[in-house]
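The block underneath contains the structure these notes are about, expressed in structure tokens.
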Amino acid sequence: MTRRVRLIVLAVGGTGLAALLVAACFCLPGFGGDRHPYGDRVVRASLARHTANTIASVNFDQRSFDTLGEMSILFASVLGTVVLLRQTRDEHRAEPEPEEVALPVRRYALVVLPVAVLTGLYVIAHGQLSPGGGFQGGVVVATALHLLYLGADYRALERIRPVGTYEAGDALAASAYLVLGLAGAVAGTAVLANFLPYGTFNTLSSGGTVPLLNAAIGMEGACAVVVLLARFPDQAVEIEKGDGR
Amino acid sequence: MSVLPYLVAAWVFLVGCYGLATSRNLIHAVGCLAVCQSATYVLLLAVGYRDGGTAPVFSDLKPGSRPVVDPVVQALALTDVVVGATVTAVLLALVLQISKRHGTVDPDELSELRG
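First to last, the protein sequences are chains A and B.
Numbered as in my numbering, the first sequence ends at 245 without a single skipped number.
Numbered as in my numbering, the second sequence ends at 1115 without a single skipped number.
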């Protein structure tokens, strides 16, 4: 198919799809409407379970089974990326050369690094109270560690970021989530049921299993992003074509 | 205009599709897929919006004092973002391998089979 024919086919299909989408838009309930039956029920259930952040309550309590699926997707994608970006037989590993970093960049990165890590941990720990949670905080922690790549060099990053440990941490966090889910079944109700006492509303320990599941997801998210981010610079910096002999 | 946010979502989706179909670079195509996915964020958040609503977080908000937006779609949007990021990572890894094996990232030059 030439480019021209392809564009014509695209125009026909796109016009049809656009017409259908616009027609569908006019059939949706109006923007900003007051009718949200599920939302109202979710808010009530979340308050009854002493979880201040309703979204955390949906993700880690009312629909924690869906989050199990989401976590598996994250885990599978990390696995896929690790397999795709492995060192193949016709490649070899080169020793990365240390590079001089501009002083302001180095200073700034080293000052911001602990602040960013702490912010990430804060976001994870307060997932059931304020906006944020395991996934978001995990990404902040993982990207914060990579400030070391900017501030120092690749070898310093590799020292504080042994990828094997993070891969194990990823698997450990995923199994912690599963074990917590099974504990709900053993405690007498159902898989991923909220079986712990709900605690005092708006405190760190409120919400029963929500903070625990949130912490497991935080660890999984952080480890997964570290492993993912480690594989791409690996390809650029270390792995080279040819067997190196 | 109470349908404008939905129309914006449809427009973002179609723009992403156009980019995907006319892309001459696989990395650009992965970006276009992310644009398509952004349409779903707009749609989800538009569906869940309530006039005068605030975030459904009750740590500094008295329950019942203000309308809150629908938390179900917010949770869905979070799932959407996570899945989108992981899909992008796997696709970029695939593009890297394609570029190494075939020496090109133009989808039009990748038509021939290679053993």
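Backbone N, C-alpha and C fix where the C-beta goes; we use that ideal spot for every residue, glycine too.
Tell me whether the beta-carbon of G184 of chain A lies closer than 7 Å to the beta-carbon of Y198 of chain A.
No, the pair does not count as a contact, with Cβ atoms beyond the cut-off.
Would you say Y1049 of chain B lies against chain A (beta-carbon separation less than 7 Å)?
Cβ-Cβ to chain A under 7 Å: yes for Y1049 of chain B.
My understanding is that I1027 of chain B touches V1095 of chain B, with C-beta atoms under 8 Å, so please give their C-beta distance in whole angstroms.
Contact between I1027 of chain B and V1095 of chain B holds: CB atoms are separated by about 6 Å, below the 8 Å threshold.
Thinking C-alpha only, which one of A:L229, A:E238, A:T143 is nearest L1092 of chain B?
Answer by Cα proximity: A:L229.
Assigned exposure category for F65 of chain A - 16 Cβ within 10 Å defines buried
Only exposed fits F65 of chain A, as fewer than 16 other CB atoms lie within 10 angstroms of its CB.
Could you tell me which chain B residues have their CB closer than 9 Å to the CB of N59 of chain A, listed as they occur along the chain?
Neighbourhood of N59 of chain A in chain B, by CB distance below 9 Å: A1075, L1078, T1079, in chain order.
Taking the alpha-carbon positions, what's the V186 of chain A to V179 of chain A distance?
For V186 of chain A and V179 of chain A, the distance between alpha carbons rounds to 10 Å.
I need the straight-line Cα distance from R6 of chain A to G80 of chain A, nearest angstrom please.
Distance between the alpha carbons of R6 of chain A and G80 of chain A is about 32 Å.
Touching or not, the region 139-147 of chain A and the region 214-234 of chain A, by the rule of three or more beta carbon pairs under 8 Å?
Output reads yes: the region 214-234 of chain A touches the region 139-147 of chain A.
So within the region 59-105 of chain A, which uninterrupted beta strand (DSSP E) runs reach at least 3 residues, ignoring any that extend past its ends?
Entirely contained in the region 59-105 of chain A, the beta strand (DSSP E) runs reaching 3 residues are, in chain order, 91-93.
How would you call F26 of chain A, buried or exposed, if buried means at least 16 neighbouring beta carbons within 10 angstroms?
Here F26 of chain A is exposed: its Cβ has fewer than 16 other Cβ atoms, across all protein chains shown, within 10 Å.
Below 6 Å, is the gap between the Cβ of A222 of chain A and the nearest heavy atom of the ligand GDP?
As presented, the structure is devoid of all ligands, the ligand GDP included, so that no description of it is given.
Could you spell out where the beta strand (DSSP E) holding K241 of chain A opens and where it closes?
That run of the beta strand (DSSP E) goes 239-241.
Starting from the beta carbon of G80 of chain A, find every residue of chain B whose beta carbon is closer than 8 Å, and list them in chain order.
Taking a Cβ-Cβ threshold of 8 Å, the residues of chain B close to G80 of chain A are V1090, A1093, in chain order.
The region 98-106 of chain A / the region 1003-1016 of chain B touching (three or more Cβ pairs under 8 Å)
No: fewer than three Cβ pairs fall under 8 Å.
Let's test the definition: count the other Cβ atoms within 10 Å of the Cβ of R245 of chain A and tell me whether it reaches 16, buried, or not, exposed.
Below a pLDDT of 50, predicted positions are generally treated as unreliable, and R245 of chain A, at 44, falls in that range; the measurement from the model is reported next regardless. Burial call: exposed.
V141 of chain A bridges to which residues according to DSSP?
Beta-bridge annotation (DSSP): V141 of chain A is not paired with any residue.
Should V89 of chain A be labelled buried (16 or more other beta-carbon atoms within 10 Å of its own) or exposed?
The displayed chain sequence assigns Arg, not Val, to residue 89 of chain A. By the neighbour-count criterion, in which a residue is buried when 16 or more other Cβ atoms sit within 10 angstroms of its Cβ, R89 of chain A is exposed.
Quick one: is S175 of chain A buried, meaning 16 or more other Cβ sit within 10 Å of its Cβ, or exposed?
Burial call: exposed.
Are the C-beta of Q1097 of chain B and some C-beta of chain A separated by less than 7 Å?
At least one chain A Cβ lies under 7 Å of Q1097 of chain B.
DSSP puts R1050 of chain B in a beta bridge; with which residues?
Bridge partners of R1050 of chain B: A:G32.
Would you kindly work out how many angstroms separate the C-alpha atoms of Y1049 of chain B and R35 of chain A, rounded to a whole number?
If you draw a straight line from the Cα of Y1049 of chain B to the Cα of R35 of chain A, it is about 10 Å long.
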